[in-house]
Structure formats: structure tokens, C-alpha cells
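Take 1 as the starting number for the sequence shown in the UniProt record's numbering and just add one per residue. Input: a single structure, listed below in C-alpha cells.
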Amino acid sequence: MQNQQQIPNEPPPPYSTFDEKFAIPNPKWNDLWAAILFLVTFGGLVVVSGLSIRGYSATKGTNGNGIYNNKNDFGLSTNTIILFAFVLAVAAVVGFGYLLIARKFTKQLIWITAIANVVVGIGTAIYYFSRKYYSGAIVFLLFALFYAFCFWTWRSRIPFTVLLFETSIDVARNFGHVFMVSAIGGAAALAAGAWFAVTFVAVYAKYTPDPNNPACNVGGTGSCGKGKLIGLLVFTVFGFYWLSEVIKNVMHTSVSGVYGSWYFCSQSNFPKNATLGAFKRAMTYSFGSICFGSLVVSIIQLIKQAVSIARQDAAMDGNIVGTILFCCLECFIGLIEWLVTFFNHYAYSYIALYGEAYIPSAKQTWRMMKDRGFDALIADCLVDPVLTAGAVFVGYLCCLLSYLYLQFTKPEYNKDGGFTPVVMAFAFLIGLQVANVFLVPIKSGVSTIFVSMAHDPQVLLRDHSRLYNDMVRVYPQVQHAVNQD
């Protein structure tokens, strides 16, 4: 491809901007259909949210103004909105705290993540056993033991992972505005999460078909119905997934521009406003490609969430066989999600630097890595599993918080425990997505370094000899991939 010839092996001349260094010969708006579809979906989400919140607000006497003073016994109420507010606060504090730990205690973070996941998983299982919630306890215990096994078998790869962690953090500290992107993106994710929480509860409160639901009679907002309720809930959840993925991937491509600039230009003339230049490209020519990749992941996440709710519902009913079957199905879908997300990380880095459409970028990234042998290096890097485990840890905390909240506040709508699986599942979702957004910069840094090494390994040898020597010291196999023609 022509773009591959833009980065020569000779020392590059000075460039003043990101667009000049990573120029697109014939710029165009790639995958425009996906951007249009996303904007239409976003507009539909605004309409659904507006109608639902209007119906919810008109019946505040039924839904209540706080944790306890509500009469709603048919669907989610203000009690749930307050719960999700707590969940957002926990996700933000713990997610951002995890990022700060990554900055200061990089090596220790890997062990902290392993121990925290195992301890929280076992602790949650013990608590559920004490509450006689046996199916849920078994699921959490199995996940805790699985994480313990994974980290024990991965321990030989830790030195290589620590080196890439530290390199990513060093670049973030010294080049561009990586942590500013994380803060802004985190704030956007929190706002989206708050909007989703209110809309999700409002849809339940407005459209649940029940004789005691006064919102069904609010004019101009539509009638109630079970089919309409399910359809709007699915649309709302899907819209939030897609929106949060787009926020995350716009951050990813923006940060990738900084790391690409560091890799190719740190020894010459680092581009002016590299972060802003990469962000502008992400929001213009590459926005459709970002929406396309995010759409694929969002569909998989929606299916996984449905299976998760079914698993927890079976657990609440004491159906151990059903719980195990849904757990296996959830793991299988989770594997597919991981593979797609894993591949997207590297494709987005290529999109950020070379402005290609989504599918050509994915194909080119895969071809480069297979040709260079970088697929083996990536497989032996634990950065993504460690950070994903950190986000899962935040999800665990939010899930446990929601369970305890429902147990202690005993809202009217959940007298029989029927809404517990739904609330727990979406508390986990909110915590996971918010934490993932905060951790994007580190993931983006490592994936962009890999893509840049695969694209032009000689730059690593020439301009980053210290990093190369450190890699050889902790992972000797790297010299075979980097020295390939």
C-alpha cells in the first residue's frame, strides 16, 4: 500500500504538525455509512430518553424522590437511579485510582490486580454462600479460581509486560496530553453512564404495563406494553454500548497519534499539537471507521449482556444446571468479544496513523503482524489481560454494591427479588465500561508501539536502542521478529 512508503528508513526531516508527518494522500471520510447510522441511533436514543424521562417526571409521586419514599411496586424507580449514581461514583474513583497506581507502581500493579480479583471473587462467593445464594456464589468462586490459575501460569511473562507498561507510562508523561485525554474521556463516559442510568430507569417506569402505573396515561409519551418495553430497553442498552465504545475508541485513536509520533519522531522533531491533530482526524476522516468497529463490538456485548441476565436469573431461581450452561455460553461469547476487541486495538492504531478505512486497516494490520512475527510477541504481552482484569475488578465491586444496596434498601419493586439479576448485570456493565475508558491510554500506547514496530522495526533499532536492548534482555525472542526483512 502507498501509506507504507511514507515512513522511510532514513532519519526523517523535521515535521511541524501531525497531519504533515502522517499525511493522507487522498483524504476522504471513510465508512461514512457507519457514522450516519451512529448519529441516527444517537438521535433515536435522545428521543426515547426524552419521552421516557417526561413520563417518569410526571409520576414522581409514585416513583419517589429518594431511596425509601416510593410507591412503585411494578418496575425500577428513583431508588435505582440513586444506586446507579453510587455505582458511577465507585467506578470513577476506583478506575481513576487504578490508572494512578499504574503510573506510580507499574510492576506491583500486575500482582495487585491478580490478588484483588481473586480476593474480591472469593470474598463475594463467601458472602453469597452466607446469604444462601448458592448459584451466584459458585459462579464467583469459579471466576476467582480461573483468574488465580491464569496469573500463576502467566508469571514468566511479567518482566516483558512490565517493560511495555513502563514504556507506555513514560511516553504518556513526557509527550502529548495523554492523561488529559483520559480525564476528558472519563468525564464523557461518566456523563454517558449517568444519562444511561436515568434513561434505563425511566423506560422501566414509563412503559411497564401495570394497572398501578400512572405513567401509562401521560399524554404525548406513548402507551405501555411488554413488547414496547423490551424493545426500548434493548435499544437503550445497545445505544449506550455503542456510545461508550465510540468514546473509548476516539480516545484510543487520539492517543495512538501521540505514541506514533513518539515512535517515529522522538529523535527528530516531535509534531506540534500531536494529540489535537490525531483527535481531529478521529472526529473527521476516521470517525466512520471508529463507529464501524465499535458497532461490531457493541452487538457482541449486547448478546453477552442478555446471556448474563439469563445466567443471574437462573441463579436466583436456584437452577444450577441452567446457571452453568449460561455461564459456559457467556464465556464463549466473552472469548469472541475478546478476540474482536483485541484485533480492533491494533486496527485503530493503524487507522490513527494512516487514515485507512476499518476493514483495509484490519487486514493490513493483521498482514504486517503475521509477516513480521509480532503475533507471538502480542500473545506474550499481558498488558491487555491485566487492564481488562482491572476493569472486571471494578465491575465486580459495582455488582456487589448493587446486591448489597438491594438487600438493605428493599425497594418495593424488588420484594420478590425478580429485578436483582437485571440491576446487578447493569451495575457490572456500568462499572466495566467506565473503568475501561479510564484505562484506554495505556492499552492504546502498547498497541500503537506494536503496530509501529511491525510497520518499521528498523526505527526501533535506530531511534530506540535502549528500549530494544531492554526487550532483548527480558524477552530474547523479540530480536527474531524485529530483525526480519
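From the three backbone atoms N, C-alpha and C, an ideal C-beta is built for every residue, glycine too. Everything numeric in this text was worked out from a predicted model, so none of it was measured.
Can you find the residues in the same chain that come closer than 6 Å, C-beta to C-beta, to residue i, ignoring five residues on each side of it along the sequence?
{"i": "Tyr468", "result": "Leu460, Leu461"}
{"i": "Pro8", "result": "A caution first: Pro8 carries a pLDDT of 42, below 50, which makes its placement in the model too unreliable to give a value."}
{"i": "Val440", "result": "Lys248, Met251, His252"}
{"i": "Gln479", "result": "Val472"}
{"i": "Val446", "result": "Leu164, Ser168, Val383"}
{"i": "Ala202", "result": "Ser52, Ile53, Tyr56"}
{"i": "Glu10", "result": "The pLDDT assigned to Glu10 is 49, lower than 50, so where the model puts this residue is not dependable, and the model offers no usable value."}
{"i": "Tyr475", "result": "Phe160"}
{"i": "Ala454", "result": "Met368, Met369, Arg372, Phe374"}
{"i": "Ser16", "result": "Lys272"}
{"i": "Phe287", "result": "Ala35"}
So residue i and residue j are in contact, right, with Cβ under 8 Å, and what is the actual spacing, rounded?
{"i": "Ala435", "j": "Val383", "result": "Going by Cβ atoms, the distance from Ala435 to Val383 rounds to 15 Å, so no, they are not a contact pair."}
{"i": "Leu109", "j": "Ile115", "result": "Not confirmed; about 11 Å, so no contact."}
{"i": "Met251", "j": "Val437", "result": "7 Å"}
{"i": "Ser254", "j": "Phe270", "result": "Their Cβ separation, rounded to whole angstroms, is 16 Å, which puts Ser254 and Phe270 out of contact at 8 Å."}
{"i": "Gly176", "j": "Phe22", "result": "That belief does not hold up - the Cβ atoms of Gly176 and Phe22 are roughly 14 Å apart, past 8 Å."}
{"i": "Ala357", "j": "Asn30", "result": "4 Å"}
{"i": "Ala197", "j": "Ile81", "result": "6 Å"}
{"i": "Met369", "j": "Ile359", "result": "16 Å between Cβ atoms; not a contact."}
{"i": "Gly257", "j": "Ala352", "result": "5 Å"}
{"i": "Gly121", "j": "Tyr147", "result": "7 Å"}
{"i": "Gly355", "j": "Tyr285", "result": "6 Å"}
{"i": "Tyr346", "j": "Thr323", "result": "With 8 Å as the limit, Tyr346 and Thr323 do not qualify as a contact, their Cβ atoms being about 35 Å apart."}
{"i": "Tyr98", "j": "Gly431", "result": "Their Cβ separation, rounded to whole angstroms, is 12 Å, which puts Tyr98 and Gly431 out of contact at 8 Å."}
{"i": "Phe200", "j": "Phe426", "result": "7 Å"}
{"i": "Asn117", "j": "Val392", "result": "7 Å"}
Please work out which residues of its chain come closer than 7 Å, Cβ to Cβ, to residue i, disregarding the five sequence neighbours upstream and downstream, and give them in chain order.
{"i": "Glu330", "result": "Lys304, Val307, Ser308, Arg311"}
{"i": "Ala125", "result": "Ala137, Phe140, Leu141, Ala144"}
{"i": "Met424", "result": "Gln312, Cys399, Ser402, Tyr403"}
{"i": "Gln2", "result": "Here the model assigns Gln2 a pLDDT of 40, short of 50, so the residue's position is not dependable, and the following value carries that caveat. Hits under 7 Å: Pro25."}
{"i": "Phe342", "result": "Asp384"}
{"i": "Ile67", "result": "Asn79, Ile82, Thr409"}
{"i": "Phe428", "result": "Gly395, Cys398, Cys399"}
{"i": "Asn344", "result": "Gly293, Val297"}
{"i": "residue 487", "result": "No information on residue 487 is available, as it lies outside the stretch 1 to 485 that the chain covers here."}
{"i": "Ser223", "result": "Cys216"}
Kindly list the residues whose CB is nearer than 8 Å to the CB of residue i, restricted to its own chain and excluding five residues on each side of it in sequence; keep chain order.
{"i": "Ala189", "result": "Ser244, Ile247, Lys248, Gln433, Val434, Val437, Phe438"}
{"i": "Thr161", "result": "Ile110, Cys381, Leu382, Val383, Val386"}
{"i": "Ser298", "result": "Phe238, Tyr241, Trp242, Glu245"}
{"i": "Val340", "result": "Val296, Val297, Ile300"}
{"i": "Phe86", "result": "Leu401, Tyr405"}
{"i": "Cys336", "result": "Before going further, note that residue 336 is Ile rather than Cys in the sequence given. Ile300."}
{"i": "Glu20", "result": "Pro271"}
{"i": "Ile112", "result": "Ile101, Phe105"}
{"i": "Ala191", "result": "none"}
Could you tell me which residues DSSP puts in a beta bridge with residue i?
{"i": "Thr17", "result": "Lys272"}
Mind checking if residue i is an interface residue toward chain C, Cβ cutoff 8 Å exclusive?
{"i": "Ile309", "result": "Going by chain labels, chain C is absent from the structure shown, which holds only one protein chain."}
- Would you be able to state if there are at least three C-beta pairs under 8 Å between the stretch 450-463 and the stretch 412-432? no
- Do the stretch 34-41 and the stretch 292-302 meet, that is, are 3 or more Cβ pairs less than 8 Å apart? yes
- Item | Cβ contact check for the stretch 146-153 and the stretch 198-211: 3 or more pairs under 8 Å | no
- Please specify which runs of the beta strand (DSSP E), each continuous and at least 3 residues long, are wholly inside the stretch 117-197, giving them in chain order. none
- Task: Could you tell me which uninterrupted beta strand (DSSP E) segments, each at least 3 residues in length, are contained entirely in the stretch 280-320, listed from first to last along the chain?
- Result: none
- Enumerated in chain order, which unbroken segments of the alpha helix (DSSP H) with a length of 4 residues or greater are wholly contained in the stretch 363-427? 374-379, 383-409
- Query: Using 8 Å as the Cβ pair cut-off and three pairs as the minimum, do the stretch 233-244 and the stretch 42-56 touch?
  - Reply: yes
- Task: Would you check if the stretch 224-237 and the stretch 266-277 touch, i.e. whether three or more CB-CB distances between them fall below 8 Å?
- Result: no
- Task: Say whether the stretch 129-144 touches the stretch 86-95, bearing in mind that this needs 3 or more beta-carbon pairs closer than 8 Å, one atom from each stretch.
- Result: no
- Task: Give a yes or no on contact between the stretch 48-55 and the stretch 161-171, applying the rule of three or more CB pairs nearer than 8 Å.
- Result: no
- Mind listing, in chain order, the continuous alpha helix (DSSP H) runs of no fewer than 4 residues lying wholly within the stretch 24-66? 32-57, 60-63
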